[in-house]
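Take a look at the structure set out below.
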Amino acid sequence: MTDNAAGLIIAAPSSGSGKTVVTLGLLRQFARTGVAVSSAKVGPDYIDPAFHAIATGRPCRNLDTWAMRPATLSSAIETLADDGPIVCEGVMGLFDGARGVSGEADGSSAALSRLTGWPVVLVVDASAQAASAAAVVRGFATHDAEVPIAGVIFNRVGSDAHAAILIEATAAAFPNLPVLGCLPRLEGMNLPERHLGLVQAIEHPDLPGFMDCAADWVAAHLDLDRLQNLFTPAHTADNDGALAPPLPPLGQRIAVAQDRAFAFAYPHILDGWRRAGAEILTFSPLDDGTPDADADAVYLPGGYPELDAGTLAQAVAFRAGMAGAAERGAAIFGECGGYMVLGEALTDADGTVHRMLGLLPVETSFQDRRLHLGYRQLKLKSECALGDVGACYRGHEFHYATVVRESGAQPLFAAANSAGALLDDMGLVQGRVSGSFAHLIDHVVKD
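Letter by letter, the sequence shown follows residues 23 to 469 in this note's numbering.
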C-alpha cells in the first residue's frame, strides 16, 4: 500500500443517521475549496457512489472486505489514493456486516477500519435525545479497541442549548473524544428514496443546488480543519505483482449498456477489464442505442429497467442490435436488471406486461414485490464467458422482482448466502447468453 493512502470513515450507529448527506457535504465543500480528496463507499452499494462522484468530480470506489480479495481491495485503495486522502462512507451501522461472518472479513465499516487502520468519525442522530447521546458515543468508542473512534458529529440538533448539552455530556463521558460539530435540523436535506434505496443521482431534480446546500451546512457547523487532521495512512499489505481482474473480460471489445436503466456497473470491474486489454464501448438502450457491431461481448448491468420497461420494449434498434449480437455469437451477460431485460417479459408494478429481448427463458414481475437481499457465494454450474464449471465468485443480491418463469436453460450458478447456507440455483445460460440476479464483485481464488 502506498504511504499516502490516508483515509477516514464516516460511519453511524445505524442507518438513517444522516451519514450520506454529511459525507456529500464534506466532499462538495472540499472540492469547491480546492482540497483534493477521493471518495469510497463501504459495501456493495451502487447509488451512494454515484452521488459521491458528482460531488468530487472523480469516480467513487466500493471497498468490501467480505466480497473482495485482499489484492482487489488494496488495488482499489491505491487507485483512490492517487487523487488524495480518502473520505469513505460507511454502510448501515458501524458494526453491521455479513450474516454468519465475523472479524475483518464481514464487510462492515468496522471491518474496513480494522483492516486499514482508518479512524471512524461517528455521525449520531441527536434529534430525539440529549445527554443520552453521550452514552451511545461512549458505547461505540469502547466496543472494539481495534476500531478507533476519532471524532463525533451530532446531526439534527434542535438548538444551541441542545448542542451545548450534547458537547458537555460527551466531554464528561469521554473527555478525549472531540465533538467535530453539531449540525442543525435543515429542511430539504433528505434525499428522495426508492425501493432499492436513494433515487439515482442523475434523477435528482437539482443535485448541484442540493450539494451546495449540504456543503454550506457542514462548512458552517463543523471543524473541518480538525477533521482533515484525522486522515490516517492505511496499513494494508502492498499489492505486489499483476492483479487478476475481478471478472475475466467477457471479450476483447465489450459493449456496455450505460444509462438510467443500466447504471449499476462497478468501476473496479470495468477497470479490471481495461487492465486486461479489453476495450469498453458504451451505448444507451434508452436512447435506442445498439452495441457496437464489432463488439464480441455485451454487458447489461443492473439498474431500474422496470421504470422504463415500455421504452425498452419499443426500442427497435436496441432490440435488433442485441439480436444481431446473439446471432453472431457475442458473449452476452446481464446482471439483475440486465438479466430481466435479457428475458422474455417484464411485468411492471401496474401489472402491464412488457416484451423484453427474449434471449433467455425467464419472465419477471414487480406486481408482487418480494425482497431478495444479501451477499452471495456463487459457483459456476455451466461453462460461459465468466469461466469454466466450478469457477467461484462473490457478489450481492438486492431486488424486489419475482420470477414468474425461469426454465428451459441450464442454471448459471450454485448459490449460498454469506454464512454458507445453500440457496436455489441462480441465473441461466443459453448458448453464449447468460445472466442472474447477482451483482458480481470479485472472483474467489480456489485453494
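Every residue, glycine too, gets a C-beta built ideally from N, C-alpha and C.
Cβ-Cβ distances below 7 angstroms link residue 351 to 454 in the same chain, with the five nearest sequence neighbours on each side left out; the list follows chain order. A distance of 8 angstroms or more separates the beta carbons of residue 282 and residue 301. Between residue 161 and residue 199, the C-beta gap is not smaller than 8 angstroms, which leaves the two residues out of contact.
Residue 82 has its alpha-carbon roughly 27 angstroms from the corresponding atom of residue 363. Per the coordinates, the alpha-carbon of residue 159 lies some 46 angstroms from the alpha-carbon of residue 412.
Beyond the five residues adjoining it in sequence on each side, residue 319 comes within less than 6 angstroms, by CB distance, of 272, 273, 276, 352 and 353 in the same chain, given in chain order. In this structure, DSSP gives residue 456 an extended state, which the three-state scheme calls strand. In the three-state reduction of the DSSP assignment, residue 304 falls in the strand class, which pools E and B.
Annotation: the continuous beta strand (DSSP E) that includes residue 433 extends over 432-439. Residue 54 and residue 349 have their C-alpha atoms some 50 angstroms from each other. Residue 237 sits close to residue 51, with the two beta carbons spaced by under 8 angstroms. Taking a cut-off of 8 angstroms on C-beta distances, the segment 393-403 does not touch the segment 368-385, as fewer than three cross pairs fall below it. Residue burial annotation: residue 338 is exposed, with fewer than 16 other C-beta atoms found within 10 angstroms of its C-beta. Annotation: residue 130 to residue 189 spans about 28 angstroms, alpha carbon to alpha carbon.
Taking the C-beta atoms as reference points, residue 285 is found no nearer than 8 angstroms to residue 422. For residue 200, no alpha helix (DSSP H) segment is defined, and its DSSP state is neither H nor E. Around the C-beta of residue 98, 16 or more other C-beta atoms lie within 10 Å, and the residue is accordingly described as buried. Comparing C-alpha distances from residue 121 to each of 244, 56 and 439 shows the shortest one belongs to 439. For residue 41, the enclosing alpha helix (DSSP H) stretches over residues 41-54. The shortest CA-to-CA distance from residue 143 to any of 187, 78, 30 and 335 is the one to 30.
Two segments are said to touch when three or more pairs of C-beta atoms, one from each, lie closer than 8 angstroms; by this definition the segment 327-346 does not touch the segment 426-446. If you look at residue 461, you'll find it in the beta strand (DSSP E) that goes 461-466. In the same chain as residue 459, and ignoring 5 residues on each side of it, the C-beta atoms closer than 8 angstroms to its own belong to 357, 358, 361, 394, 419, 421, 423, 448 and 449, in chain order.
The residue among 75, 76 and 91 with its C-alpha nearest the C-alpha of residue 468 is 91.
In this structure the segment 143-155 touches the segment 31-46; the number of beta carbon pairs closer than 8 angstroms is three or more. The segment 127-201 contains, as complete beta strand (DSSP E) runs of 3+ residues, the segments 142-147 and 171-179 (chain order). Between residue 341 and residue 379, the beta carbon gap of about 6 angstroms places them in contact (Cβ cut-off 8 angstroms).
When the Cα atoms are used, residue 409 and residue 197 turn out to be separated by approximately 55 angstroms.
Its chain contains 46, 49, 50 and 233 as the residues whose beta carbon lies nearer than 6 angstroms to that of residue 77, once the 5 sequence neighbours on both sides are disregarded; these appear in chain order. The beta-carbon separation of residue 64 and residue 85, rounded to 6 angstroms, stays under the 8 angstroms limit for a contact.
Pairing residue 205 with residue 176 gives a Cβ-Cβ distance under 8 angstroms. Where residue 338 is concerned, there is no enclosing beta strand (DSSP E), although the alpha helix (DSSP H) around it starts and stops at 338-349. Taking residue 252 as reference, the option from 123, 185, 141 and 313 with the minimal CA-CA separation is 141. In the three-state scheme derived from DSSP, where H, G and I count as helix and E and B as strand, residue 451 is classed as strand.
Straight across, the Cα-Cα distance linking residue 201 with residue 73 is about 26 angstroms.
For residue 80, the secondary structure class from DSSP, reduced to helix, strand or coil, is coil.
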